[in-house]
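Take a look at the structure set out below.
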Amino acid sequence: MSSDPKAVLFWFRRDLRLSDHPGLSAAFASALAQGAALIPVAILDPETEALGAAPAWRLGQSLGALQADLEARGAKLILRRGDAQTVLQDLAAETGAREVHWQRLYDPAAISRDSAVKAQLSAQGLAAHSHAGHLLHEPWTVETKTGGMYRVYTPYWNAVKGRDVAAPVALPEGAWPEPAHWPESDDLAQWGLGARMQRGADIVSRHVRVGQQAALDRLHDFAERWIGDYVANRDRPAVPGTSELSAHLSLGEIGVRTAWAVGMAALEQGRNGAETFLKELVWREFAYHLMYHTPHLTSGNWRPEWDAFPWSTDEDDPAVLAWKQGRTGIPFVDAAMRQMYVTGTMHNRGRMIVASWLTKHMMTHWKIGMRWFESCLVDWDPASNAMGWQWSAGSGPDATPYFRVFNPVTQLAKFDPNGAYADQWIAEGKGNPSETALSFFEAVPRSWGLSPDMAYPRPRITPEAGRARALEAYKARSF
DNA sequence: TAGCTCGTTGGACAA
DNA sequence: TTTGTCCAACGAGCT
Numbered sequence: 006m007s008s009d010p011k012a013v014l015f016w017f018r019r020d021l022r023l024s025d026h027p028g029l030s031a032a033f034a035s036a037l038a039q040g041a042a043l044i045p046v047a048i049l050d051p052e053t054e055a056l057g058a059a060p061a062w063r064l065g066q067s068l069g070a071l072q073a074d075l076e077a078r079g080a081k082l083i084l085r086r087g088d089a090q091t092v093l094q095d096l097a098a099e100t101g102a103r104e105v106h107w108q109r110l111y112d113p114a115a116i117s118r119d120s121a122v123k124a125q126l127s128a129q130g131l132a133a134h135s136h137a138g139h140l141l142h143e144p145w146t147v148e149t150k151t152g153g154m155y156r157v158y159t160p161y162w163n164a165v166k167g168r169d170v171a172a173p174v175a176l177p178e179g180a181w182p183e184p185a186h187w188p189e190s191d192d193l194a195q196w197g198l199g200a201r202m203q204r205g206a207d208i209v210s211r212h213v214r215v216g217q218q219a220a221l222d223r224l225h226d227f228a229e230r231w232i233g234d235y236v237a238n239r240d241r242p243a244v245p246g247t248s249e250l251s252a253h254l255s256l257g258e259i260g261v262r263t264a265w266a267v268g269m270a271a272l273e274q275g276r277n278g279a280e281t282f283l284k285e286l287v288w289r290e291f292a293y294h295l296m297y298h299t300p301h302l303t304s305g306n307w308r309p310e311w312d313a314f315p316w317s318t319d320e321d322d323p324a325v326l327a328w329k330q331g332r333t334g335i336p337f338v339d340a341a342m343r344q345m346y347v348t349g350t351m352h353n354r355g356r357m358i359v360a361s362w363l364t365k366h367m368m369t370h371w372k373i374g375m376r377w378f379e380s381c382l383v384d385w386d387p388a389s390n391a392m393g394w395q396w397s398a399g400s401g402p403d404a405t406p407y408f409r410v411f412n413p414v415t416q417l418a419k420f421d422p423n424g425a426y427a428d429q430w431i432a433e434g435k436g437n438p439s440e441t442a443l444s445f446f447e448a449v450p451r452s453w454g455l456s457p458d459m460a461y462p463r464p465r466i467t468p469e470a471g472r473a474r475a476l477e478a479y480k481a482r483s484f
């Protein structure tokens, strides 16, 4: 191996931005210091191929935006397919790189892959550097007074709210450290990241903003126009009063430290809603804290006593299909499921309602819902998705009490009093359905056999009967 | 240490 | 129409 380093590799994963990027900045600085080239790489490895349909498609969009951003800086994103360790090793051999940098991820699959990659690269004499940057606080740095992990949100919030958060760092200005020759790269289109999107990707595209500039624009728009009414508006599914940053944060198109800094500035200005927004960012942190310390959060009941609960696990149950298709006959549930199918995201209150309906009224295992979300959500996040489902089901940490069963009828009356959300997403039985409601029928596969002219379905179970049945089962405590 | 307080997001019912 | 209370019990986290 050459003793004269010619390149530093930076491996992009879920951090598809150029600013507020501690890992990339470190790699950049290292390359400059050594007079080496900096080569950005993204890898379609088995872990990436295992993504759900919508997250995979959205990843492709984001990689396209990153390519353009890098090109504007005089750099190129090198795309390679294969297992990460082999790709990095080959690329290092081609370019003379002695160093590989990346930013850490925390889900069980990524941790096991990354530790193996690090060990193997080190054994080959390559320096592998992993950096913090996906989170405000590394999960192991937040401890209770007795040195344990947090299991309840509020004490976690109290522990981190006053902590210093490193200020966002900009990538140095100036010329990109280019190699004499850029290595060969796959064509992004050949990766086929959108191939598993059964529903029309062009329909979802209408509702999706992509890339770091779009993320920053949205953050600032939110801080200027929406944060003041965030406390009330964030509960109203028909009002665009949420930050809408979830997909950007999930793929790292924006750094969470940037969002934190904007939230803190709003707090200092005394803006209403600022603290609530900061708390939401910390919910994301808390989910990662839980997933890191108890990785089974993503795979099974966090409270093992729930293993004996009589969940229905029949994925082919017609009631489950109706839930997925937004045809339960419960307007709030159906509107939310259709919103997800058409836009790739769902309002937070909708997420709680559909999860409560599936796990409580339908007594269906939360993992069935979690997997459907994983295939449909463009903002899918491994930690938040798992925590949210287990919270709703009652099997998770800090979970909702068993008797807290959402009534989707009263919830709709409370948070959508004018029926705007239902009008937005439900076409059946309406004289003049909205464009968005009709677009659901364009998006769904023909095999579902749905049309806006159909009658709106009758519920298979009423909110009252479902609630009573769920409470009976929970009360029995035979599990 | 042992006791105390509290727990993101609700609903039903009585007054 | 609005407001208050109860719906379990337990474990987390602090003092």
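Count the first sequence with the working numbering and you get residues 6 to 484, in order.
All C-beta atoms, glycine included, are put in the ideal place defined by N, C-alpha and C.
This one's a predicted model, so the numbers in the text were calculated from it and none came from an experiment.
Which residues bound the alpha helix (DSSP H) around residue i?
i      : result
Ser135 : Run containing Ser135: none in the alpha helix (DSSP H); it sits in the beta strand (DSSP E), Ala132 to His136.
Ala12  : Where Ala12 is concerned, there is no enclosing alpha helix (DSSP H), although the beta strand (DSSP E) it sits in stretches over Ala12 to Phe17.
Ala289 : Going by the sequence as given, residue 289 is Arg instead of Ala. First-last of the alpha helix (DSSP H) with Arg289: Ala279 to His298.
Met269 : Val261 to Glu273
Tyr235 : Tyr235 to Asn238
Quick check on residue i: does DSSP put it in helix, strand or coil?
i      : result
Ala149 : According to the sequence displayed, residue 149 carries Thr and not Ala. Residue state, collapsed to three classes: coil.
Ser304 : coil
Ser42  : Contrary to the premise, residue 42 reads as Ala rather than Ser in this sequence. Here Ala42 sits in strand by DSSP.
Ser8   : Bear in mind that a pLDDT of 49 at Ser8, under 50, signals an unreliable position, so the model cannot answer this.
Ser400 : coil
Val383 : coil
Asp312 : helix
Thr545 : Lying outside 6 to 484, the shown extent of the chain, residue 545 is not represented and no answer is given.
Thr405 : coil
Gln129 : coil
Ala55  : coil
Met154 : coil
Leu21  : coil
Leu68  : helix
Pro27  : helix
Pro144 : helix
Glu258 : coil
Arg230 : helix
His139 : coil
Asp222 : helix
Arg276 : coil
Arg63  : helix
Pro323 : helix
Give me the DSSP bridge partner(s) of residue i.
i      : result
Arg48  : The residue you asked about is not Arg; residue 48 is Ile in the sequence shown. Paired residue(s): Arg85.
Ser486 : The structure shown does not extend to residue 486, since the chain is modelled only from 6 to 484, so the question has no answer here.
* To do: Identify every run of the alpha helix (DSSP H) within the segment 71-125, keeping only runs that are complete inside it and at least 4 residues long; order them along the chain.
  => 89-100
* Asked: What are the start and end residues of each continuous alpha helix (DSSP H) run of 4 or more residues lying completely inside the segment 327-377, in chain order?
  -> 336-348 and 353-361
* To do: Please go through the segment 158-220 and give each complete alpha helix (DSSP H) segment of 4 or more residues, from N-terminal end onward.
  => 158-165 and 206-210
* Looking at C-beta atoms only, is the number of pairs between the segment 216-227 and the segment 235-251 that lie closer than 8 Å three or more? -> yes
* Whole runs of the alpha helix (DSSP H) within the segment 410-482, excluding any shorter than 4 residues -> 413-420, 425-430, 440-448 and 468-481
* Is the number of C-beta pairs between the segment 25-35 and the segment 349-362 that are closer than 8 Å three or more? -> no
* To do: Assess, as a yes-or-no matter, whether the segment 406-413 is touched by the segment 469-479 under the definition of 3 or more beta carbon pairs within less than 8 Å.
  => yes
* Would you check if there are 3 or more beta carbon pairs closer than 8 Å linking the segment 277-294 to the segment 371-391? => yes
* Asked: Do the segment 131-150 and the segment 68-88 make contact, defined as three or more Cβ pairs closer than 8 Å?
  -> no
* **Contact the segment 445-457 vs the segment 266-277: 3+ CB pairs below 8 Å** => no
* For the 8 Å Cβ check, are there 3 or more pairs between the segment 360-374 and the segment 433-450? -> no
* Asked: Using 8 Å as the threshold, is the segment 330-340 in touch with the segment 457-467, meaning 3 or more CB pairs across them?
  -> yes
* To do: Report yes or no: do the segment 196-216 and the segment 58-74 share at least 3 C-beta pairs separated by less than 8 Å?
  => yes
* Asked: Looking at C-beta atoms only, is the number of pairs between the segment 412-421 and the segment 314-329 that lie closer than 8 Å three or more?
  -> no
* Would you be able to state if there are at least three C-beta pairs under 8 Å between the segment 250-262 and the segment 113-123? => no
* At a cut of 8 Å, does the segment 33-49 reach the segment 281-290 through at least three beta carbon pairs? -> no
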